Structure formats: C-alpha cells, structure tokens
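*Asks:* Everything in the sequence shown is counted per this note's numbering, starting at 233 for the first residue and increasing by one. Cβ coordinates follow ideal geometry from the N, Cα and C atoms, glycine included. Fair warning: this is a prediction, and the values are worked out from it, not measured in the lab. Would you mind keeping the following structure in view while I ask a few things?
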Amino acid sequence: MAPEKISAHCCIAGGGPAGMMLGYLLARAGIKVLVLEKHGDFLRDFRGDTIHPSTLEVMHELGLLDEFLKLPHQEVDELNAQVGEMSLTIADFRHLPTRCGFIALMPQWDFLNFVAEKAARYSNFVLIMDTEVNGLIEESGRVIGVRANTPKGALEVRADLVVGADGRSSIVRQRAGLQVKEYGAPMDVLWFRLRRTAEDPVATMGRFDTGRIFIALNRGDYWQCGYVIAKGQFDQLRRQEFATFRAAIVQLAPYAGDSVHELRGWDDVKLLTVRVDRLIDWFRPGLLCIGDAAHAMSPVGGVGINLAIQDAVAAANVLFQPLRQGHLAIDHLRQIQQRREWPTRVTQGLQVAVQRRIIARVLGGTGPLTPPLALCLLAKVPYLRRIPARLVGLGIRPEHVSPELLRS
233 MAPEKISAHC CIAGGGPAGM MLGYLLARAG IKVLVLEKHG DFLRDFRGDT IHPSTLEVMH
293 ELGLLDEFLK LPHQEVDELN AQVGEMSLTI ADFRHLPTRC GFIALMPQWD FLNFVAEKAA
353 RYSNFVLIMD TEVNGLIEES GRVIGVRANT PKGALEVRAD LVVGADGRSS IVRQRAGLQV
413 KEYGAPMDVL WFRLRRTAED PVATMGRFDT GRIFIALNRG DYWQCGYVIA KGQFDQLRRQ
473 EFATFRAAIV QLAPYAGDSV HELRGWDDVK LLTVRVDRLI DWFRPGLLCI GDAAHAMSPV
533 GGVGINLAIQ DAVAAANVLF QPLRQGHLAI DHLRQIQQRR EWPTRVTQGL QVAVQRRIIA
593 RVLGGTGPLT PPLALCLLAK VPYLRRIPAR LVGLGIRPEH VSPELLRS
C-alpha cells in the first residue's frame with residue numbers, strides 16, 4: 233500500500249513543549265505547519281511540570297497569560313531545602329523583573345493542550361497524533377521531509393524544513409547522523425506520587441541527607457516526588473524488599489508515613505535516567521533540532537522545559553520570514569544554534585558543577601552532611617537568593633517573541 237503524501241512549510245517531529253510552542257508561533261505568523269506526535273494524547277505522567285517565569289513572560293507577550301493562569305496550578309515563589317540539619321531558602325523569585333515572580337506547577341498535559349487549542353485556531357496548523365517519525369527523506373544531501381507510521385499506515389511529509397523536537401531519544405537526530413557530546417550525570421531519579429493531607433507542609437521542598445536526596449513538589453492534593461539515587465543503583469534497589477524503600481522515604485519525609493503505603497510496588501515508581509548531552513551541530517541542510525533533541529538537560533533546577541521553549545521562541549523569530557518568503561538557507565539554522573548554544577552551554581555547565589560538587593558528594597557520603605559554603609551564604613544573606621532565582625527562573629539570556637512576528 234502506497235504511503236499517504238502531504239506537504240507543509242515546516243514539519244515538526246514531536247509535540248512536546250518545544251514542538252508545540254514552535255508550531256503555534258509559526259502558525260501565528262502564517263506558516264503552514266505540521267506537528268507529528270507519536271502518542272495518542274498528552275496524558276503522560278511524571279513529566280516536568282514546572283512553568284518558569286521566563287515561559288510565563290512569553291505567554292504574556294502572546295496575550296495568553298491571564299487565560300493560561302486560569303488553569304489549575306500552584307504558585308511557588310521560593311525554593312526551600314533542608315541540608316542535613318539546616319533548613320534554608322535557596323531562591324526567591326518574587327524580585328524577578330517579570331510579570332510573574334513565581335514558578336507555576338501545572339501538569340504538562342494541561343500546558344500542551346492549552347497551546348494546541350490556541351494553535352488549532354489557525355487553519356495553517358495541523359497536529360497529527362499517534363504518528364511516529366521513523367525516517368528522513370533526503371535529496372542531494374538535503375533533508376526534504378520525513379517518513380512516519382500512523383494507525384492508518386505509512387505517511388510521507390515533504391517540507392521546506394524538518395524540526396526535530398522529539399526529545400532526548402530523538403529519532404530525527406539519530407537518522408540525521410548528528411554527533412552528540414555526553415557530559416555524564418552521577419544520578420538517576422525515581423518519580424512517584426504521594427497523597428497530600430491538610431496536615432502536611434505547604435512548601436515545595438528538597439531534602440538532602442547523607443547518601444540520599446528527596447524532592448517534594450506541592451501539587452495541591454498530592455506530592456510529586458523525586459527520590460534521587462546514584463547512577464545505576466536502581467537494579468540494586470529493586471532486589472530489596474519494597475518496604476525498605478518506603479521506610480527510606482518516611483525517614484526523609486516523616487509526614488508521608490500514612491500515604492507512602494499507597495505505593496504498592498516498583499510498578500508505581502518511574503525511573504528517569506538522567507543524561508546531560510549536547511549536539512555538536514544542531515542542524516543540517518533542511519533540518520534543525522531544538523529542545524532535548526539538541527541538548528538533554530539534567531533535572532537540576534527543573535529548567536529543561538523552559539530552555540526548550542526558549543529554543544522554540546528563538547527559532548520562530550529567525551524562521552518565520554524565510555519560511556514565509558521561501559528563501560530558507562542553512563545560515564538561518566546556524567543563526568539559531570549560535571543564539572541558543574551559549575545559554576545552553578552555561579546552563580549545562582552549572583548543572584554539571586552542581587552534580588559533581590553537591591549531588592555526587594551527598595549521594596556518596598557516609599558521615600554527617602555539612603552544607604557547602606555557598607548554601608550557608610544563602611541562609612545568611614537573603615539578597616543572594618536572587619542570583620539562583622534569576623538563573624532558574626529566567627535563565628541565561630531569556631528570549632522574547634519578535635514584535636514583527638506578533639504583528640504578522
């Protein structure tokens with residue numbers, strides 16, 4: 233059976249934050265956009281749910297912020313931690329020069345559905361679910377489209393530009409033969425939910441203790457939890473009685489003593505394998521990678537989603553006119569990498585430094601945990617908390633939607 237054949241100015245592989253935001257922005261600028269998402273819906277649990285001030289500022293520039301914030305969410309205006317016996321505030325977002333001095337905790341599927349709904353108002357935007365890209369179409373060394381599988385059969389898409397926004401296990405970047413540089417990570421993360429009661433603490437909290445790190449995000453009626461383990465330790469944990477894991481959680485979060493028993497076994501725990509990597513070249517003629525497909529981020533700071541959205545904004549600012557006028561060149565793709573590579577390098581460098589100097593030492597420690605000097609300074613000098621707040625909340629060189637794109 234011959235594959236179905238369609239065309240678009242831009243074909244985006246992956247309907248995550250980067251792909252959906254880029255698709256929406258290009259559609260708003262009058263570009264014919266096709267987004268291919270391999271899943272049948274956005275309802276995938278234990279994904280990053282932090283919408284940072286940089287992203288909220290983009291939503292404001294698009295005139296969508298007030299409506300967006302009507303969706304159920306929790307607002308976190310500071311990040312707190314307990315390191316050994318010391319409790320402290322690490323970051324205070326209230327002083328950021330933005331409309332929103334907080335992180336919005338919102339299920340990622342709500343964010344994606346919201347963007348998809350806004351994009352669907354444009355007749356030149358098409359989102360096809362349950363469609364997985366499995367190959368590239370090339371001609372004379374240039375990528376001119378993709379091949380994909382759908383429930384109805386094979387699909388071929390011809391496009392002026394193919395964008396890989398299909399995550400850290402990107403098929404697009406594999407098929408394109410783009411080289412990846414790995415930076416390593418000393419940890420993996422176990423994600424799970426715990427019921428939250430009225431007697432529980434309110435604040436989103438990180439708990440650092442000798443050999444263990446526990447993160448609890450307040451999601452209203454439940455905690456979204458991350459239990460950080462040394463890289464490759466999961467198989468060893470699985471060989472233990474599950475009750476041992478429950479007990480370790482309660483040691484770090486005593487308020488979870490009742491709800492932890494709702495975790496029935498390892499099937500209720502999701503393993504996030506942490507990777508930090510970056511493409512050497514993010515593009516080839518006719519192809520560009522953004523978001524995790526271009527640079528997998530550590531969960532340190534929870535900035536991955538927001539960097540992906542920053543990539544999408546920068547890409548849309550550069551691409552909308554060349555795509556609309558039909559003169560897209562490889563220099564436009566190079567310009568996007570040059571714009572976004574420096575913020576990515578700096579952010580990943582900071583993440584790797586935290587992994588090596590703090591996380592690895594905590595996970596590998598045996599004696600009493602002593603807070604690093606930098607954390608002691610944050611505890612004593614509140615003004616310094618604005619520095620991590622800016623790095624986490626706004627990032628390095630935050631992007632803004634081009635006025636020309638908004639007027640188009």
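1) Could you have a look at Val-501 and say whether DSSP puts it in helix, strand or coil?
2) Report the partner residues of Gln-570 according to the DSSP bridge assignment.
3) Please give me, in chain order, every unbroken run of the beta strand (DSSP E) with length at least 3 that falls completely inside the region 258-340.
4) Once you ignore the five residues that flank Ile-512 on each side, which residues in its own chain have a CB closer than 8 Å to its CB?
5) Taking the straight line between their C-alpha atoms, what separation do you get for Asp-298 and His-292?
6) On the DSSP letters alone, give me the boundaries of the beta strand (DSSP E) that Gln-456 sits inside.
7) Tell me, to the nearest whole angstrom, how far the beta carbon of Asp-436 is from that of Asn-312; I am working on the premise that it is less than 8 Å.
8) Considering Gly-625, what are the terminal residues of the alpha helix (DSSP H) in which it resides?
9) Decide if the region 513-531 is in contact with the region 572-584; the criterion is three or more beta carbon pairs, one per stretch, under 8 Å apart.
10) Tell me which residues share the same chain as Ala-417 and place their Cβ nearer than 7 Å to its Cβ, disregarding the 5 neighbours each side in the sequence.
11) Over what stretch of residues does the beta strand (DSSP E) that includes Leu-410 continue unbroken?
12) Starting from Ile-376, trace the beta strand (DSSP E) in both directions and tell me its first and last residue.
13) Who does Val-395 pair with in a DSSP beta bridge?
14) Taking the continuous beta strand (DSSP E) assigned at Ile-512, which residues delimit it?
15) Measuring CB to CB, does Cys-242 end up less than 8 Å from Val-395?
16) For the beta strand (DSSP E) that Arg-427 lies in, which residues bound it at each end?
17) How big is the Cα-Cα spacing for Gly-627 and Thr-579?
18) Considering only the alpha carbon of each residue, which of Gly-534, Asn-549, Lys-502 and Asp-453 lies closest to Pro-304?
19) At the level of alpha carbons, what is the spacing between Arg-260 and Glu-636?
20) Could you give the distance in angstroms between the alpha-carbon of Arg-496 and the alpha-carbon of Asn-345?
21) If contacts are defined as beta-carbon pairs under 8 Å, then Asn-366 and Ile-403 qualify, I think. What distance do you get, rounded to the angstrom?
22) Does DSSP put Asn-356 in a helix, in a strand, or in coil?
23) Find the nearest neighbour of Met-318 within the set Gly-295, Thr-602 and Ala-547, judged by alpha-carbon distance.
24) Please look up how many angstroms separate the CB atoms of Leu-368 and Ala-408, rounded, as I've assumed it's under 8 Å.
25) Starting from Gly-367, trace the beta strand (DSSP E) in both directions and tell me its first and last residue.
26) Would you list the residues sitting across from Asp-441 in a DSSP beta bridge?
27) Give the C-beta separation of Gln-542 and Asp-281 to the nearest angstrom, bearing in mind that I take them to be a contact with Cβ-Cβ under 8 Å.
28) Where does Arg-390 sit, in a helix, a strand or coil, going by DSSP?
29) With a 10 Å radius around its C-beta and 16 neighbouring C-beta atoms as the bar for buried, classify Val-613 as buried or exposed.
30) Suppose you measure from the CA of Gly-251 to the CA of Thr-598; what does that come to, to the nearest Å?
31) Assuming Leu-266 and Val-389 make a contact with CB atoms under 8 Å, what is their CB distance in whole Å?
32) Is Gly-385 helix, strand or coil by DSSP?
33) Terminal residues of the continuous alpha helix (DSSP H) containing Ile-481?
34) Under the assumption that Phe-424 contacts Val-501 (Cβ atoms under 8 Å), give the Cβ distance between them as a whole number of angstroms.
35) Give the straight-line distance between the Cα atoms of Ile-447 and Phe-334, rounded to the nearest whole angstrom.
36) According to the Cβ coordinates, are Gly-373 and Ala-391 closer than 8 Å?
*Replies:* Taking the coordinates as given:
1) Within the sequence shown, the letter at position 269 stands for residue 501. If DSSP states are grouped into helix, strand and coil, Val-501 belongs with coil.
2) To locate residue 570, count along the sequence shown from 1; it is residue 338. For Gln-570, which the question treats as bridged, DSSP gives no partner whatsoever.
3) 265-268, 306-308, 310-315, 318-324 and 335-337
4) Stepping through the sequence shown from its first residue, residue 512 is reached at position 280. Closer than 8 Å at the Cβ level, and outside the excluded window around Ile-512, lie Leu-410, Gln-411, Val-412 and Lys-413.
5) The count along the sequence shown starts at 1 and reaches residue 298 at position 66. The count along the sequence shown starts at 1 and reaches residue 292 at position 60. Asp-298 and His-292: Cα-Cα distance of roughly 8 Å.
6) Mapped onto the sequence shown, residue 456 falls at position 224. Per DSSP, Gln-456 belongs to the beta strand (DSSP E) from 454-462.
7) Reading the sequence shown from its first residue, position 204 is the one you call residue 436. Reading the sequence shown from its first residue, position 80 is the one you call residue 312. What sits at residue 436 in the sequence shown is Thr, not Asp. Correct: roughly 7 Å between the Cβ atoms.
8) Taking the sequence shown and counting its residues from 1, the one referred to as residue 625 is at position 393. Looking at the DSSP string, the run of the alpha helix (DSSP H) that includes Gly-625 is 618-625.
9) yes
10) By one-based count along the sequence shown, residue 417 stands at place 185. If we look at Ala-417 and ignore the five residues flanking it on each side, its Cβ neighbours are Lys-463, Val-506, Arg-507, Val-508, Ser-530 and Gln-587.
11) Reading the sequence shown from its first residue, position 178 is the one you call residue 410. Per DSSP, Leu-410 belongs to no beta strand (DSSP E) and is neither H nor E.
12) Mapped onto the sequence shown, residue 376 falls at position 144. That run of the beta strand (DSSP E) goes 374-382.
13) Counting from 1 along the sequence shown, the entry for residue 395 is found at position 163. According to DSSP, which records beta bridges pairwise, Val-395 is partnered with Ile-244 and Leu-520.
14) Reading the sequence shown from its first residue, position 280 is the one you call residue 512. Per DSSP, Ile-512 belongs to no beta strand (DSSP E) and is neither H nor E.
15) As a working mapping, residue 242 is identified with position 10 in the sequence shown. As a working mapping, residue 395 is identified with position 163 in the sequence shown. Yes, Cβ-Cβ distance for Cys-242 and Val-395 is below 8 Å.
16) Your numbering for residue 427 matches position 195 in the sequence shown. Where Arg-427 is concerned, the enclosing beta strand (DSSP E) stretches over 419-427.
17) Translated into the one-based positions of the sequence shown, residue 627 becomes position 395. Translated into the one-based positions of the sequence shown, residue 579 becomes position 347. Taking the straight line from one Cα to the other gives about 8 Å.
18) One-based indexing of the sequence shown puts residue 304 at position 72. Of the candidates Gly-534, Asn-549, Lys-502 and Asp-453, the one whose C-alpha sits nearest the C-alpha of Pro-304 is Asp-453.
19) Here residue 260 corresponds to residue number 28 of the sequence shown, with the count starting at 1. Here residue 636 corresponds to residue number 404 of the sequence shown, with the count starting at 1. Computed Cα separation, rounded: 11 Å.
20) Taking the first residue of the sequence shown as 1, we reach residue 496 at position 264. Taking the first residue of the sequence shown as 1, we reach residue 345 at position 113. Using only the alpha carbons, I get a separation of about 31 Å.
21) Counted from its first residue, the sequence shown places residue 366 at position 134. Counted from its first residue, the sequence shown places residue 403 at position 171. Confirmed, about 6 Å.
22) Taking the first residue of the sequence shown as 1, we reach residue 356 at position 124. Of the three classes helix, strand and coil, the one that applies to Asn-356 here is coil, per DSSP.
23) Indexing the sequence shown from 1 puts residue 318 at position 86. Checked all of Gly-295, Thr-602 and Ala-547; the closest Cα to Met-318 is Thr-602.
24) Residue mapping note: residue 368 aligns to position 136 of the sequence shown, counting from 1. Residue mapping note: residue 408 aligns to position 176 of the sequence shown, counting from 1. Yes, they are in contact, since the Cβ atoms of Leu-368 and Ala-408 sit about 6 Å apart, within 8 Å.
25) As a first step, residue 367 must be located in the sequence shown, where it is residue number 135. Gly-367 -> beta strand (DSSP E) spans 364-371.
26) Residue numbering aside, residue 441 sits at position 209 when the sequence shown is read from its first letter. Arg-444.
27) As a first step, residue 542 is located in the sequence shown; it is residue number 310 there, counting from the start. As a first step, residue 281 is located in the sequence shown; it is residue number 49 there, counting from the start. Actually they do not touch by this definition, with Cβ atoms about 18 Å apart.
28) As a first step, residue 390 must be located in the sequence shown, where it is residue number 158. Three-state DSSP puts Arg-390 in a strand.
29) The count along the sequence shown starts at 1 and reaches residue 613 at position 381. Val-613 should be labelled exposed.
30) Here residue 251 refers to the residue found at position 19 when the sequence shown is read from its first residue. Here residue 598 refers to the residue found at position 366 when the sequence shown is read from its first residue. In a straight line, the C-alpha of Gly-251 is about 43 Å away from that of Thr-598.
31) Translated into the one-based positions of the sequence shown, residue 266 becomes position 34. Translated into the one-based positions of the sequence shown, residue 389 becomes position 157. Right, the Cβ-Cβ distance comes to about 6 Å (below 8 Å), so this counts as a contact.
32) Stepping through the sequence shown from its first residue, residue 385 is reached at position 153. Strand, per DSSP.
33) Stepping through the sequence shown from its first residue, residue 481 is reached at position 249. That run of the alpha helix (DSSP H) goes 474-484.
34) Within the sequence shown, the letter at position 192 stands for residue 424. Within the sequence shown, the letter at position 269 stands for residue 501. Distance from Phe-424 to Val-501 at the Cβ level is roughly 5 Å; contact confirmed, criterion being Cβ atoms closer than 8 Å.
35) Along the sequence shown, read from residue 1 onward, the residue named residue 447 stands at position 215. Along the sequence shown, read from residue 1 onward, the residue named residue 334 stands at position 102. Going from the Cα of Ile-447 to the Cα of Phe-334 covers about 18 Å.
36) Stepping through the sequence shown from its first residue, residue 373 is reached at position 141. Stepping through the sequence shown from its first residue, residue 391 is reached at position 159. Their beta carbons are not under 8 Å apart, which means Gly-373 does not touch Ala-391 by this criterion.
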